[in-house]
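What follows is a single structure, written as structure tokens, with notes after it.
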Amino acid sequence: MKPTSAIIATTVAGALWAGTAMAEKWDMPMAYSATNFHSATGAEFAKCITIGTGGDIEVVTHPSGALFKGADIKRAIQTGQAPIGERLLSGHQNENPVFGVDSVPFLATSFEDAAKLWKAAKPTMEKILLDQQLVLLYSVPWPPQGLYFKKEVNSVADMKGLKFRSYNTATARLAELTGMLPVQIEAAEISQAFATGVAESMISSGSTGYDRKVWESLTHFYEVDAWLPRNYVMVNKGVWDDLSKDKQNVIRGCAALAEYAGAWRAVEYTQFTLNGLRAGGMMVGPAGDGLKAELKEIGATMSKEWLKLAGSDGKAIVDAFKAMK
Ligand code: PCA
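Using numbering that gives the first Met the number 0, the first residue of the sequence shown is number 0, and each one after it goes up by one.
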């Protein structure tokens, strides 16, 4: 480069830099498909921050596990590889059983109860996450969890030996207790897992089955309403502490809106996606009484196991939740 063009290039770069000196880009990894209601809520949350900070913080969402896979998102934020992101809360149940409070079978089985359980659990979750250098921003439930199969199932005996896609410790344990073979697979990868026979059954919401078009491989969805797990959005504590109070307030405001909008969408999405499964040719309906009774028994075993593992923190959350009912 000739000296004059080098000077011009430096000056132009300097001018651009001065114009955007305050702007920061925050990449926000998310694990679920772009069309999913959690991802839609996250995209609006991102826009709210960008608008609310006058463009000083531009949040860019990366759904479908495109930037980090679901299982890697929390660590990426803790280590500062990404400033902000969303993950399934109970995905960390293996680190601390308390994270799995929303996946205790038949503890909270409606949107209303799931909201109460979250209210009871939130202060403890905030504290645990803060100790891990993470600030909790908002959390949104998934619709109730039901069972997917590629055949009619009327009892636990019918489930024996099936390859079962799990997404956390509770779902893997459910597989063990029903004689199925658990294989942990991220939602982003389940269409392929079902198509290739790596998995042939799962517990999830109608939403995830709809997002991943599982009617291409599966035939039955039994509404069990076993639990309503939650996603949550977290920000790295160092990044958070470096923000001005004004910016923190904007982000808190956007988070409160997102939590409200996300919870509303979750309810709307429930019937919409169950109808979508039907339109795809699947049988969608409640589990039979016999199967339900067997699942309740397995749920009781899992609840006992969870309470033992989650200790006094777990018990305090469950007691606080029961007091709200
Ligand atoms: N969908 C997510 C978690 C719970 C749900 O409904 C999944 O299956 O991975």
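In this text, a Cβ means the ideal position worked out from N, Cα and C, and glycines have one as well. Just so we're clear, the structure is a prediction, and the values are computed from it rather than from any experiment.
Length of the line joining the Cα atoms of residue i and residue j
i	j	result
R264	V139	9 angstroms
K159	K73	34 angstroms
D353	P62	Outside the displayed range of the chain (0 to 324) lies residue 353, so it cannot be described from this structure.
A120	K324	14 angstroms
T177	R164	13 angstroms
L306	W117	17 angstroms
A309	W239	29 angstroms
S102	V152	22 angstroms
D112	W226	10 angstroms
I83	G289	45 angstroms
I297	A260	34 angstroms
T300	A171	14 angstroms
Q131	N93	15 angstroms
V134	T60	18 angstroms
A319	S154	34 angstroms
T40	P142	15 angstroms
P332	G54	Residue 332 is absent from the model: the chain starts at 0 and stops at 324.
A322	T108	16 angstroms
R251	A22	19 angstroms
K244	L66	29 angstroms
T49	I56	5 angstroms
T52	N35	26 angstroms
K68	S38	14 angstroms
V249	L242	11 angstroms
F110	K24	35 angstroms
R277	Q191	21 angstroms
K303	A156	23 angstroms
K291	Q270	21 angstroms
Counted within 10 angstroms of its Cβ, other Cβ atoms place residue i as buried (16 or more) or exposed
i	result
N167	buried
W16	Caution applies to W16, whose pLDDT of 46 falls short of 50 and renders its modelled position unreliable; the value that the coordinates give is listed next. Its Cβ having fewer than 16 others within 10 Å, W16 is exposed.
S342	The shown model of the chain, from 0 to 324, leaves out residue 342, and the question about it has no answer.
A174	buried
R211	buried
P122	exposed
E293	buried
Y268	buried
V329	Limits of the chain in this structure are 0 at one end and 324 at the other, which puts residue 329 out of reach.
E258	buried
G237	exposed
E85	buried
I316	buried
S216	buried
G280	exposed
A262	buried
Q144	buried
Residues near residue i in its chain [Cβ-Cβ closer than 7 angstroms; skip 5 each side]
i	result
C47	C253, L256
G275	Y209
W214	L276, G279, G280, M281
Other residues of its chain near residue i: CB distance less than 8 angstroms, five sequence neighbours each side excluded
i	result
T10	In this prediction, T10 has a pLDDT of 44, which is less than 50 and means its spatial position is unreliable; nothing more can be read from the coordinates.
G313	P96, V97, V100, W305, L306
R229	L87, L88, S89, D101, A113, W117, S138, V139, P140, W141
G246	Note that residue 246 is Lys in the sequence shown, not Gly. The answer, listed in chain order, is T52, D55, I56.
Proximal residues to residue i (C-beta, below 6 angstroms), its chain only, five neighbours per side dropped
i	result
T272	G205, S206, Y209
A42	T60
A81	D26, P28, A75
A169	G99, S102
P181	F163, S165, A171, A174
M179	M158, L161, F163
Minimum Cβ-Cβ distance from residue i to chain B less than 7 angstroms
i	result
G275	Among the chains in the structure shown there is no chain B, since it carries only a single protein chain.
Below 8 angstroms, can you find three or more Cβ-Cβ pairs linking the segment 273-291 to the segment 216-226? Under the Cβ criterion (8 angstroms, minimum of three pairs), the segment 273-291 counts as touching the segment 216-226.
Could you check whether the segment 118-130 touches the segment 183-195, counting it as contact only if at least three pairs of C-beta atoms, one from each stretch, sit closer than 8 angstroms? These segments do not touch.
Touching by the beta-carbon criterion (3+ pairs, under 8 angstroms), the segment 230-244 and the segment 70-79: Between the segment 230-244 and the segment 70-79, the count of Cβ pairs shorter than 8 angstroms is three or higher; the stretches touch.
On the three-pair Cβ rule with 8 angstroms, is the segment 29-36 touching the segment 176-193? Segment contact: the segment 29-36 against the segment 176-193, three or more CB-CB distances shorter than 8 angstroms; contact assigned.
Between the segment 142-150 and the segment 199-207, do three or more beta carbon pairs fall short of 8 angstroms? Yes, the segment 142-150 touches the segment 199-207.
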